[in-house]
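Those letters in the sequence shown? Residues 5 to 401, per the working numbering, in order. C-beta: ideal position from N, C-alpha, C; glycine also. In this text the structure is predicted, and so the values were computed from the model without any measurement. Take a look at the structure set out below.
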Amino acid sequence: MSPPQRILLGVGAGIAAYKSLELARRLRERGAEVRAVLSPRARRLIAPLAFQAVTGQRARFELWDEEGEAGMSHIELARWAEAILLAPATADLIARLAHGLADDLLTTVCLASEAPLWIAPAMNRTMWAHPATQNNVRLLQTRGARLLGPASGAQACGEEGPGRMLEPDEIVAALCAPQALAGLRLLVTAGPTFEDIDPVRFIGNRSSGRMGFAIAAEAARQGARVTLISGPVALQTPIGVRRIDVRSAREMLAAVLAEIDDQDVFVAAAAVADYRPRELAEQKIKKGMAGMNLELEANPDILATVADLPRRPFLVGFAAETENLRANAMAKLAAKKLDLIAANWVGRPGQGFDAEENALLLLWPGGEREIPRMDKAEVARALLATMVERLESRASA
Ligand code: PMT
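Quick look at the structure:
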């Protein structure tokens, strides 16, 4: 997929708005059509006419603008955009978007559009670090928004730290980056599986699904066609991803086998239960005995099943370990005949299961790479970059 050609530039009321004129100019030099929408307060910092001069299009700032709406209604504007770029994105604009407000033209267009959303924050460093802003940013990221920056350095308020808007060149480079996964079909599993004991109880685990969802979201953003098979989780489907919900390991296996035929890559990030109760009680098991034994039987190994298919895709497995990370992951790489394995520590606070962050040790036959602890979206990006390298090296072998 080529870079977006119709870009809606949303300008928030930050002093960095003066850089947005340069940004619009650079985007136009790249051949993009740019339409600027200013927040009502941004208009007090920078004249809409300046954007009109640079973009060659009327800059909009009011929802109830009869002339503007007659030319292109806000819904048409939302449909027209191939990408929405918010630069500068103030703390207030980010908060309003995170909570679905549509109280001016810019937020209304964002809510009415299916176009990918790119956010270039610009604000005072304390406002950026505030948990409210951080939570809002994370919320937008889980819905597929892509964060550009902020950079760190001297700020307009005289302070020093993170919160500066990226330079126009940096923003343009990210927005117009080639889509590394265009044309690739990816099947991703995520989340836990639940193995029912009776109508009210089950065996499960602590997987939140975040790691697998982050991989699916990032792969879709980079142009892949992504199908996500998810165990029971409380996450929203990433933009552009087709999602199939399952409950148990056997349901997950059936869904994977139904989808696997045309896939180029299979990423198994799900924490599949290795065992299930031998019998499912039809009625709720009554309390009464001092103790009870639950007889378990092994679940199928989804990854190993796919590895044995006559036409197998490129296989990326995970290894969740509490000890001997490298050795255990190496053993799984070989035993499950994988092309790449992503080993992570579990049971360490703040990373792995049910955490916002993760760190991975990537292993493949003949090589390895460490991905340091960071947000799962960033980890997913680094994992996919290595996956692309391995795919290319396999193709050229
Ligand atoms: O979901 P999060 O909260 O974000 O947490 C992410 C994670 C820790 C769950 C994730 O990063 C991770 O490690 N997923 C794999 C967990 C796991 O089941 O690991 P394992 O070492 O037990 O299994 C090895 C591999 O075989 C995995 O790719 C697993 O999906 C696969 N497997 C396991 C058992 C089975 N019956 N079928 C399988 O396909």
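Per DSSP, which one or two residues make a beta bridge with residue i?
i	result
L300	P281
V269	L190, F318
L239	Bridge partners of L239: none, in fact.
E372	L367
T231	L191, R246
I123	L90, L151
E14	According to the sequence displayed, residue 14 carries Gly and not Glu. G14 pairs with V41, L90.
Q9	Q9 pairs with nothing; no bridge assigned.
E325	W349
N362	M378
L28	The sequence given here places Ala at residue 28; Leu does not occur at that position. Looking at the DSSP assignment, A28 forms no beta bridge with any residue, so it has no partner.
Q355	E361
A411	Outside the displayed span of the chain (5 to 401) sits residue 411, for which this structure offers no information.
Evaluate residue i with the Cβ neighbour count: other Cβ atoms within 10 Å of its Cβ, from every protein chain shown; 16 or more gives buried, anything less gives exposed.
i	result
H1	Residue 1 is absent from the structure shown; the chain starts at 5 and stops at 401.
G157	exposed
E80	exposed
R214	buried
T146	buried
P376	exposed
W122	buried
E199	buried
M296	exposed
K288	exposed
M3	Shown here, the chain extends from 5 to 401; a query on residue 3 therefore has no answer.
E301	exposed
Q138	exposed
R315	exposed
E222	buried
C114	buried
W132	buried
S212	buried
K291	exposed
W368	buried
N362	buried
N328	exposed
Starting from residue i, trace the alpha helix (DSSP H) in both directions and tell me its first and last residue.
i	result
R225	214-225
R385	380-400
N426	The first residue shown for the chain is 5 and the last is 401, placing residue 426 beyond what the model contains.
A259	253-263
V58	52-59
V113	109-116
I306	306-311
H78	78-84
L67	Unbroken run through L67: none, as it is neither H nor E.
L97	95-102
A133	129-133
Check for me: the beta strand (DSSP E) holding residue i runs from which residue to which?
i	result
F206	205-207
E199	199-202
L344	344-349
Compare the Cα-Cα distances from residue i to each of the options and report the closest residue.
i	options	result
G216	I201, L239, Q226	L239
V237	V276, G195, A363	G195
D358	A273, A339, L342	A273
V141	L101, V176, S43	L101
L143	L170, A99, L152, T130	A99
T326	L337, G351, E360, A339	G351
R210	G356, A381, E33	G356
P177	E360, A389, P314, E33	At residue 177 the sequence reads Ala, which differs from the Pro that was named. Ranking the options by Cα distance to A177, first place goes to E33.
L284	M169, V269, S252	S252
A224	I207, R247, F206	R247
L395	R189, W132, I264	R189
F322	A124, R282, F270, E360	F270
L25	S43, A57, P44	A57
L298	D305, L307, D312, Y279	Y279
P7	F318, M169, A181, L109	A181
A54	D266, A40, G16	A40
M169	I19, P44, I306	I19
L2	N332, D343, M334	Missing from the structure shown is residue 2; the chain here goes from 5 to 401 and no further.
Q159	A258, M127, L152, V260	M127
D108	A87, A95, P92, R45	R45
S234	R254, Q226, G227, Q183	R254
L261	V245, T241, I306, D268	I306
Please confirm whether any heavy atom of the ligand MG lies closer than 7 Å to the CB of residue i.
i	result
I375	For the structure depicted, the ligand MG is absent and the ligand set comprises only the ligand PMT.
#### Entry: Unbroken stretches of the alpha helix (DSSP H), 4 residues or longer, contained in the region 139-185
172-179
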